[in-house]
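Asker:
Protein chains: 2
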Amino acid sequence: MKPKDKYEIISEMAKRRGYFWPSYEIYGGVSGFLTFGPLGSLLKRRLEDKFRRFYIRPLGILEIETSIIMPGKVLEASGHVESFKEPTVECLKCQHKFRADHLLQEFGEMSDTETEKLTLQAVVEEIKNRNIHCPECGGDFSKAEQFMTMFTTTIGPYSDSVGYGRPEAAQGIFVEFKRIHESARGKLPLGVVQIGHALRNEISPRQGPVRLREFTIIDIEFFLDPENTKCERLHEVENDTLRLITAENKLNGVTEPIEVTVKEALNKGIIKKEWQAYFMALAKRFLVELGVPEDKQRFIEKLEWERAHYSVQGFDQEVYLERWGWTEVSGHNYRTDYDLSRHMKFSGVDLTAFKETENEGGKRFIPHVVEPSFGLDRLVYVALEYAYTKKKKRTLLSLSRELAPLQMGVFPLVSKDGLPEKAKEVYQMLINEGFTVEWDESGSIGRRYARADEVGTPLGVTVDYQTLEDGTVTLRDRDTWKQVRSKIENLPELLHDYFRNKIDFEGLGQLVER
Amino acid sequence: MKPKDKYEIISEMAKRRGYFWPSYEIYGGVSGFLTFGPLGSLLKRRLEDKFRRFYIRPLGILEIETSIIMPGKVLEASGHVESFKEPTVECLKCQHKFRADHLLQEFGEMSDTETEKLTLQAVVEEIKNRNIHCPECGGDFSKAEQFMTMFTTTIGPYSDSVGYGRPEAAQGIFVEFKRIHESARGKLPLGVVQIGHALRNEISPRQGPVRLREFTIIDIEFFLDPENTKCERLHEVENDTLRLITAENKLNGVTEPIEVTVKEALNKGIIKKEWQAYFMALAKRFLVELGVPEDKQRFIEKLEWERAHYSVQGFDQEVYLERWGWTEVSGHNYRTDYDLSRHMKFSGVDLTAFKETENEGGKRFIPHVVEPSFGLDRLVYVALEYAYTKKKKRTLLSLSRELAPLQMGVFPLVSKDGLPEKAKEVYQMLINEGFTVEWDESGSIGRRYARADEVGTPLGVTVDYQTLEDGTVTLRDRDTWKQVRSKIENLPELLHDYFRNKIDFEGLGQLVER
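As you go down the protein sequences, you meet chains S and A in turn.
Everything in the first sequence is counted per my numbering, starting at 903 for the first residue and increasing by one.
Everything in the second sequence is counted per my numbering, starting at 903 for the first residue and increasing by one.
Below you can see the structure in the form of structure tokens.
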């Protein structure tokens, strides 16, 4: 029997303990949808908040919220109605439909770089040449068709009022640029972010949290004066190293990334815009904070025919995952003035910015856009895979204090002699202090510690007989299994400091020798 | 000229300053969609977090996140495909479509209680009898039709795979009940909440933030053993008074609410379930915390024919708004075992809970559900309308410290002599402490204070010449316009205490006499 890979182990735990699972199981499942249970929803929210603290707030980026259903004209203007399509083939025997490029990758030994380049006609020929048949029934395939991978609907009671599920949150920002820019009193550079659900009607998604039809996207649109694209914060990251596979190297078959500093990448013209390099460096740092070491990360440049229709330079940030290999977690595209120009043209509304100039008095121009974009669901999975570890045959999820969904468990040592009552007091006090705390009194204390370790709860708070005597409890560290004793009355302050990373575990009390 | 009502004044400010505005304005607008700008998005998030602190966490309610697109069978099972419809008529002349019941309410002097009762046939007759014509062109109407107000789409490449935009977040909880209940190790009562976007394809929404096609819903499904529906927390609220219009009084034309305590309402059988009464009392307290006085709130019981298809007793919590009168902000329905029973029947999967009993050893049963459900967008608007006030002809938004999107503004008194540089230091330090801070150096200090008052920023931090001498700044209170002086180095601790409501404005420093 093949040993389970990390994805299998984590998925099994995730289902059982309430991190995530495939949606609609009672109806046989619908692929491409994922449910975040109580722990997963907490982890996702903590990750989102960490992103805000790390990536959004220090840069003064403004967050907005727009609708998921968008009128057709917005996505016509953006080019999605024309370009957001994938080649499909249908089995002539069993009528199953497949993404043609995925078939060529899975059964035809072609890379995604190769399949991206193919015309619809060429796709069919390659499928024939490589003798690929329906993986379900062995049948032959029909000629290929372009399938638009946006969810289509109708807004209101008139059938000609087409709407789409947004495939990205970015368009919500572009169409509202005018008002946001005005309310920010004309400021540039201007960063705007949206975090929310997005929809892509994938043809046959089969990769759990990695390829979803509904997912949470973080799109930052960073608007710049094209004549002044200097990044005044570059010095913060200029000596960070990036592992890059350039388009040129990729074309030449080089699969090993080069290592360059941000400064070098800019000087050599590998990355075109300073802000783009800045955001890539931050993205790398962010993934390190999520637990992904530098050598498990890389940036890979998109070739011209691989890039989205709006992009003139694009890098994917990839993370190595045991099941899927190198997997995109963020995209960094230089979208130029493409989107604003198109919306200006389609709406007839002026979306330019104004700047004062020395001679002419002033000048209007269309801002350019550098876009970092993250898939939040994938980040949740990445954090879990990299937190997964084993200690003495026990599963242990080593999530950072900031990310762990439950901050502590409260355990009465035994269910008698007034210990549960005392423990409930401690539990309620910690809840009132705003901590996320789990109550667990079933089974031996060892089993309860094991359950807490498995979901990554950093601290165990145990109420024992000594508690009744001197008002102290033990605190147990998930990773080292060390214990300290501490007075209940001191817990709030100590624990706030601990979860703000101001003190270490040993600072929480008196070490218990065992 | 008619004086502007509060809605007009707030909408105008909201657009200009970035709270909210109608979406897709550059394309002429699409009604029923609202964009939350930078301030609105912050306010909405703060309100959501306050809800979690107030309503979710103390009760140990578990939060989950499920998809917005749902497969058809889920909404067939839930009864929505059959029942989620509204009567429409089409103008035979200009082809505009209208909600027939809304026409009767607006032009036919009927109440919603009356129109809810009408059959489709009766709707047409009433429109004829009351001589109602197309408000757009004066034309006659077609016969009425039931229009399904869910957004319809297709999931994946097969046209028979119908999907809908979810009209409520509740169904995501019901279909996942089995796993959640298992991961909570069979606990009952079990509260589960989902906060997220929901979609209703309204026919012709025209009421700004009050009637939206896409909105954010908070659905709490509280699962109970039907043989043990006691609420162990009832004592917390039993003496709270509720203003209620019972179904019976409504039928008899009584429009004035009765005032009863929670205990009385239960004893007299006015509210059927203790948990329902408990949640209603909490909802009232929550709205008080948002700034709505008790006499601007009421609960109105739904008549049998007004209730949703799943409800056996339902109350709407209403708040008085200047433009729209009494407006629903939350619904409190006793959904019994309706949803779980239907999903059991349609999926064939056992969704029962188990309990140990004295005689038989154990027994399986379908949990019952009490549901409090809130519309978050409306709450945002309610908070703004009730925060709106005037002081010496100036607009002032008196949002609580907890809700105000920007916590403070930092202002250099003048733009020279090193004051901006010093102020930037203070600004950056406050950002690093995690506060949301606005930088403003344009115009006179008076104008900057006025701008901050208008969007509800509680504190102004001004750096002046004295700052350069002794390292103190002034802090200005939005509501009283009082000022205190305080050392920069003491600000972090003082301000954290202030925003946690531990100290008042006067505790922030030395009062400045003027």
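Every residue, glycine too, gets a C-beta built ideally from N, C-alpha and C.
Computed from a prediction, not measured in an experiment: that's the story for all the values here.
In this structure, what does DSSP give as the bridge partners for Ile1147/S?
Answerer: For Ile1147/S, which the question treats as bridged, DSSP gives the partners Ile1202/S.
Asker: Extract the residue ranges of the beta strand (DSSP E) inside the segment 938 to 979 of chain S, only unbroken runs of 3 or more that lie entirely within it.
Answerer: Runs found: 971 to 973.
Asker: Just how far apart, CA to CA, sit Ile1029/A and Gly1010/A?
Answerer: Answer to the nearest angstrom: the Cα atoms are 8 Å apart.
Asker: Between the Cα of Gly934/S and those of Arg1113/S, Phe1079/S and Leu949/S, spot the shortest distance and give me the residue it belongs to.
Answerer: Closest option to Gly934/S, Cα to Cα, is Arg1113/S.
Asker: Roughly how many angstroms lie between the CA atoms of Ala1255/A and Phe1267/A, to the nearest whole one?
Answerer: So the alpha carbons of these two residues sit roughly 5 Å apart.
Asker: Would you say Lys1080/A reaches chain S, if we count a Cβ-Cβ gap shorter than 8 Å as a contact?
Answerer: Yes, Lys1080/A counts as interfacial toward chain S.
Asker: May I ask you to report which of helix, strand or coil DSSP gives Ile1122/A?
Answerer: Note: Ile1122/A maps to strand in three-state DSSP.
Asker: Straight-line CA distance for Val1312/S to Asp1372/S?
Answerer: Going by the C-alpha atoms only, they are around 18 Å apart.
Asker: Can you tell me the Cα-Cα spacing of Tyr1236/S and Glu1273/S, whole angstroms?
Answerer: About 6 Å.
Asker: DSSP three-state label for Gln1330/A, please.
Answerer: It is helical.
Asker: How many whole angstroms separate the CB atoms of Arg1244/S and Ser1063/S, which I take to be in contact at a CB cut-off of 8 Å?
Answerer: The Cβ separation is near 21 Å, so there is no contact.
Asker: Determine, using beta carbons only, whether Glu1123/A and Ile1172/A come nearer to each other than 8 Å.
Answerer: No, the Cβ-Cβ distance between Glu1123/A and Ile1172/A is not below 8 Å.
Asker: Run through the DSSP bridge pairs and tell me what Trp1470/S is partnered with.
Answerer: The first residue shown for chain S is 903 and the last is 1416, placing residue 1470/S beyond what the model contains.
Asker: Report the neighbours of Phe1009/A on chain S: residues whose CB is nearer than 8 Å to its CB, in chain order.
Answerer: In chain order: nothing, as chain S lies at least about 19 Å away.
Asker: How should Lys1080/S be labelled, buried or exposed, when 16 other C-beta atoms within 10 angstroms of its C-beta is the threshold for buried?
Answerer: Result: buried.
Asker: By the 9 Å beta-carbon criterion, what residues does the segment 949 to 982 of chain S contribute toward chain A?
Answerer: Residues Arg955, Arg959, Pro960, Gly962, Leu964, Glu965, Ile966, Glu967, Thr968, Ser969, Ile970, Ile971, Met972, Pro973, Lys975, Val976 and Ala979.
Asker: Taking contact to mean at least 3 C-beta pairs separated by less than 8 Å, is the segment 1302 to 1309 of chain A in contact with the segment 1335 to 1355 of chain A?
Answerer: A contact exists between the segment 1302 to 1309 of chain A and the segment 1335 to 1355 of chain A.
Asker: If you draw a straight line from the alpha carbon of Asn1033/A to that of Val1214/A, how long is it in whole angstroms?
Answerer: Going from the Cα of Asn1033/A to the Cα of Val1214/A covers about 36 Å.
Asker: Along the beta strand (DSSP E) that carries Ser1061/A, what are the first and last residues, could you check?
Answerer: It is not in any beta strand (DSSP E) - Ser1061/A carries neither H nor E in the DSSP assignment.
Asker: Report the three-state DSSP secondary structure of Ser1243/S (helix, strand or coil).
Answerer: In this structure, Ser1243/S counts as helix in the three-state DSSP scheme.
Asker: Along chain S, in chain order, which residues have C-beta atoms closer than 9 Å to that of Lys906/A?
Answerer: Within 9 Å Cβ-Cβ: nothing; Lys906/A doesn't reach chain S, min ~20 Å.
Asker: Residues of chain A with CB under 7 Å from Ser925/S, in chain order?
Answerer: Within chain A, the residues near Ser925/S are Thr968 and Ser969.
Asker: If you draw a straight line from the C-alpha of Glu1391/A to the C-alpha of Gly1193/A, how long is it?
Answerer: So the two alpha carbons sit approximately 33 Å from each other.
Asker: Check the Cβ of Ile1390/A against every Cβ in chain S and list those closer than 8 Å, keeping chain order.
Answerer: Correct list: empty, because the minimum Cβ distance to chain S is about 20 Å.
Asker: Look up Ser1232/A in the DSSP assignment and give the residues it is bridged to.
Answerer: Answer is Gln1219/A and Phe1276/A, bridged to Ser1232/A.
Asker: Whole angstroms is fine: what's the gap from Tyr1060/S's alpha carbon to Glu1161/S's?
Answerer: If you take the alpha carbons of Tyr1060/S and Glu1161/S, they lie about 56 Å apart.
Asker: Suppose contacts are defined by Cβ-Cβ distances below 8 Å. Is Val1025/S in contact with Asp1042/S by that definition?
Answerer: No; because the gap between Cβ atoms is not below 8 Å, this pair is not in contact.
Asker: Using the Cα positions of Arg1209/S and Pro1069/S, report the straight-line distance between them to the nearest angstrom.
Answerer: Between Arg1209/S and Pro1069/S, the C-alpha separation is close to 16 Å.
Asker: Based on Cα-Cα distance, which residue from Ser1388/A, Val1339/A and Val1414/A lies nearest to Pro960/S?
Answerer: Ranking the options by Cα distance to Pro960/S, first place goes to Val1339/A.
Asker: Please classify Thr1157/A: does DSSP put it in a helix, a strand, or coil?
Answerer: Coil, per DSSP.
Asker: I need the boundaries of the alpha helix (DSSP H) containing Ser1106/S, first residue and last residue.
Answerer: Note, Ser1106/S: premise wrong, no alpha helix (DSSP H); not H, not E.
Asker: Per DSSP, what kind of secondary structure is Ile911/A in: helix, strand or coil?
Answerer: Correct three-state label for Ile911/A: helix.
Asker: Determine the contact status of Val1221/A and Gly1277/A, defining contact as a CB-CB distance below 8 Å.
Answerer: Cβ atoms of Val1221/A and Gly1277/A: not closer than 8 Å.
Asker: Is the Cβ of Asn1130/A closer than 8 Å to any Cβ of chain S?
Answerer: Not one chain S Cβ lies under 8 Å of Asn1130/A.
Asker: If we cut at 8 Å on Cβ distances, does Leu1286/S have a partner in chain A?
Answerer: Closer than 8 Å: no.
Asker: What would DSSP say about Glu992/A, mapped onto helix, strand or coil?
Answerer: Strand, per DSSP.
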